[in-house]
Amino acid sequence: MKTLKLTIACLFVSFYTFASILQTEKEALIALYNATNGSKWNTSWDMEASIDTWYGVKVEDDKVVELNLHFNNLQGTIPQEIGKLTALKKINFGFNKLSGTIPSTISNLKELTTLELFMNNLEGNIPNELGELKKLESLHLYSNKLSGNIPESLMGLTNLKELLLGSNFLTGTIPNQIYALSSLEKLSLIDNKLEGEIPVEIAQLDNLQELVLSSNGFTGDFPMELVNLTNLNTIMVSDNNLNQDITTISNRTGSTPPDLLFLELQNQNATATMEIEKE
Numbered sequence: 234m235k236t237l238k239l240t241i242a243c244l245f246v247s248f249y250t251f252a253s254i255l256q257t258e259k260e261a262l263i264a265l266y267n268a269t270n271g272s273k274w275n276t277s278w279d280m281e282a283s284i285d286t287w288y289g290v291k292v293e294d295d296k297v298v299e300l301n302l303h304f305n306n307l308q309g310t311i312p313q314e315i316g317k318l319t320a321l322k323k324i325n326f327g328f329n330k331l332s333g334t335i336p337s338t339i340s341n342l343k344e345l346t347t348l349e350l351f352m353n354n355l356e357g358n359i360p361n362e363l364g365e366l367k368k369l370e371s372l373h374l375y376s377n378k379l380s381g382n383i384p385e386s387l388m389g390l391t392n393l394k395e396l397l398l399g400s401n402f403l404t405g406t407i408p409n410q411i412y413a414l415s416s417l418e419k420l421s422l423i424d425n426k427l428e429g430e431i432p433v434e435i436a437q438l439d440n441l442q443e444l445v446l447s448s449n450g451f452t453g454d455f456p457m458e459l460v461n462l463t464n465l466n467t468i469m470v471s472d473n474n475l476n477q478d479i480t481t482i483s484n485r486t487g488s489t490p491p492d493l494l495f496l497e498l499q500n501q502n503a504t505a506t507m508e509i510e511k512e
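Take a look at the structure:
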């Protein structure tokens, strides 16, 4: 009899805990809906329906694991309550009209592998807390109004494959610790207000395929060590203040590793092409 009572008690506690977790997640989603003018989304949510039927919401094992609301006319801010959706693996709010800052509570989303907030009107600094998302593989924050430095905390995201921060108002330098992003394949910082030298440490990123640094204020010499990266097929560094007027570097043959890289050198009178032999 005691065993039966204990079993029933355990089931009751488990059910209560499970129910409270679901309620917490629903409240977080409702907060998102209200903060982003959900009634005017292109595709809205039926609050009376089950959460797993809501547009852009993916549920696994009774947990919200993805929010795909790109191109859905989200207007307003991302609420702090987003941090309560702790099972989230993917957020895509791209191509919307979001404003305000990126909430630091996103740091609670330890399972997150993809964070896409591109093509919005987000402003303020990139939160240092994003460096706590150790499973993050894609961070797309381009085409916003973000300012301040690139947080050094991001250099601890060793699983990061894509870091796209272009078309913002970022200042300062590229952290020298960028070599720690050993999985990085794409780095785009185009159209910001970054300065200083392009760190030679980027040449340690063996998996790098694309490096886009155009339209900034970088100075000094172009690090020629970069041409030794066997996976690198595109470099864009035009419209900076480098000692060499390099517009683009691309892989002519498309082979892996590339046999030749082309540097297009531009001046006031002519454009020349120079081949760089790879050993």
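In our numbering, the protein residues as written are 234 to 512.
Built from N, CA and C at the ideal position, the CB exists for glycine as well.
Owing to the predicted nature of the structure, the values given are computational and were not obtained by experimental measurement.
Inset, instruction - Would you mind stating whether residue 324 and residue 338 have Cβ atoms separated by less than 8 Å? - result: Working through the sequence shown from its first residue, we reach residue 324 at position 91. Working through the sequence shown from its first residue, we reach residue 338 at position 105. Contact flag unset, no.
Legend entry - Nearest candidate by alpha-carbon position, reference residue 305, set 331, 283 and 299: The residue labelled residue 305 in the question sits at position 72 within the sequence shown. If we check each option's Cα against that of residue 305, 331 comes out closest.
Legend entry - Reduced DSSP secondary structure (H/G/I, E/B, other) of residue 445: As a working mapping, residue 445 is identified with position 212 in the sequence shown. It is a strand residue.
Inset, instruction - Assuming residue 346 and residue 368 form a contact by the criterion Cβ under 8 Å, report the distance between their Cβ atoms to the nearest whole angstrom. - result: For this step, residue 346 is matched to residue 113 along the sequence shown. For this step, residue 368 is matched to residue 135 along the sequence shown. Indeed they touch by this definition, with Cβ atoms about 5 Å apart.
Inset, instruction - Report the option in 342, 333, 370 and 469 whose CA atom is closest to the CA atom of residue 359. - result: Working through the sequence shown from its first residue, we reach residue 359 at position 126. Per the Cα distances, 333.
Inset, instruction - Tell me residue 373's beta-bridge partners as DSSP assigns them. - result: The residue you call residue 373 lines up with position 140 of the sequence shown. Partner(s): 349 and 397.
Inset, instruction - Determine the DSSP secondary structure at residue 270, reduced to helix, strand or coil. - result: Here the question's residue 270 lines up with position 37 in the sequence shown. In the structure shown, residue 270 sits in coil (DSSP, three-state: anything other than H, G, I, E or B).
Inset, instruction - Assign residue 265 to one of three DSSP states: helix, strand, or coil. - result: Your numbering for residue 265 matches position 32 in the sequence shown. In the structure shown, residue 265 sits in a helix (DSSP, three-state: H, G or I).
Inset, instruction - Look at the alpha carbon of residue 255 and the alpha carbon of residue 295, and state the distance between them as a whole number of angstroms. - result: Translated into positions along the sequence shown, residue 255 becomes position 22. Translated into positions along the sequence shown, residue 295 becomes position 62. Residue 255 and residue 295: Cα-Cα distance of roughly 8 Å.
Inset, instruction - Using a threshold of 8 Å, state whether the C-beta atoms of residue 440 and residue 421 are closer than that. - result: Position 207 of the sequence shown, counting from 1, holds the residue named residue 440. Position 188 of the sequence shown, counting from 1, holds the residue named residue 421. Their beta carbons are not under 8 Å apart, which means residue 440 does not touch residue 421 by this criterion.
Inset, instruction - Measure from the alpha carbon of residue 431 to the alpha carbon of each residue in 414, 351, 282 and 454, then state which is nearest. - result: Here residue 431 corresponds to residue number 198 of the sequence shown, with the count starting at 1. Of the listed residues, the one whose Cα sits closest to residue 431 is 454.
Legend entry - Residue from 452, 406 and 273 with nearest C-alpha to residue 308: In the sequence shown, counting from the first residue as 1, residue 308 sits at position 75. Of the candidates 452, 406 and 273, the one whose C-alpha sits nearest the C-alpha of residue 308 is 273.
Inset, instruction - Go through its chain and collect everything with a Cβ distance to residue 328's Cβ below 6 Å, but skip five positions before and after it. - result: Numbered from its first residue, the sequence shown carries residue 328 at position 95. Take residue 328, set aside five residues on each side of it, and the residues of its chain with a beta-carbon closer than 6 Å to its own are 303, 304 and 352, in chain order.
Inset, instruction - Assign residue 492 to buried or exposed, taking buried as 16 or more other Cβ atoms, counted over all protein chains shown, within 10 Å of its Cβ. - result: The residue you call residue 492 lines up with position 259 of the sequence shown. Residue confidence is low: residue 492 scores 36 on pLDDT, short of 50, so the model does not pin down where it sits. Its coordinate-derived value is still stated next. Exposed, since its Cβ has fewer than 16 Cβ neighbours within 10 Å.
Legend entry - Limits of the unbroken beta strand (DSSP E) element including residue 420: In the sequence shown, residue 420 corresponds to position 187, counting from 1. Counting along the chain, residue 420 sits inside the beta strand (DSSP E) bounded by residues 419-421.
Inset, instruction - Report the three-state DSSP secondary structure of residue 471 (helix, strand or coil). - result: For the purposes of this step, residue 471 is taken as residue 238 along the sequence shown, with counting starting at 1. Residue 471 sits in coil when the DSSP states are folded into three classes, being neither helix nor strand.
Inset, instruction - Thinking residue 475 and residue 452 are a contact (beta carbons under 8 Å), I'd like their distance in whole angstroms, please. - result: If you number the sequence shown from 1, residue 475 lands on position 242. If you number the sequence shown from 1, residue 452 lands on position 219. 7 Å between Cβ atoms; contact.
Inset, instruction - Please work out which residues of its chain come closer than 7 Å, Cβ to Cβ, to residue 408, disregarding the five sequence neighbours upstream and downstream, and give them in chain order. - result: Taking the sequence shown and counting its residues from 1, the one referred to as residue 408 is at position 175. The beta carbon of residue 408 sits closer than 7 Å to those of 383, 385 and 388, all from its chain and outside the five residues before and after it, given in chain order.
Legend entry - Test item: CB-CB of residue 318 and residue 297 under 8 Å: Taking the sequence shown and counting its residues from 1, one reaches residue 318 at position 85. Taking the sequence shown and counting its residues from 1, one reaches residue 297 at position 64. Cβ atoms of residue 318 and residue 297: closer than 8 Å.
Legend entry - Those runs of the beta strand (DSSP E) which lie wholly inside the segment 279-364 and span at least 3 residues: Taking only runs of at least 3 residues, the beta strand (DSSP E) segments lying wholly in the segment 279-364 are 290-293, 296-301, 308-310, 323-325, 330-332, 347-349 and 356-358.
Inset, instruction - Give me the Cα-Cα distance between residue 326 and residue 264, rounded to the nearest whole angstrom. - result: Here residue 326 is taken as the residue at index 93 of the sequence shown, counted from 1. Here residue 264 is taken as the residue at index 31 of the sequence shown, counted from 1. Each residue's Cα considered, the two are about 15 Å apart.
Inset, instruction - Identify whether residue 366 lies in helix, strand or coil by the three-state DSSP scheme. - result: Locating residue 366 in the sequence shown gives position 133, where the first residue counts as 1. Annotated three-state conformation of residue 366 is coil, per DSSP.
Inset, instruction - Check residue 405 in the structure and name its three-state DSSP category. - result: Along the sequence shown, read from residue 1 onward, the residue named residue 405 stands at position 172. If DSSP states are grouped into helix, strand and coil, residue 405 belongs with coil.
Legend entry - Exposure label - residue 450; buried when at least 16 CB within 10 Å: For the purposes of this step, residue 450 is taken as residue 217 along the sequence shown, with counting starting at 1. That one is exposed.
Legend entry - Residue range of the unbroken beta strand (DSSP E) whose run includes residue 429: As a first step, residue 429 is located in the sequence shown; it is residue number 196 there, counting from the start. Taken as a continuous stretch (DSSP letters only), the beta strand (DSSP E) holding residue 429 covers 428-430.
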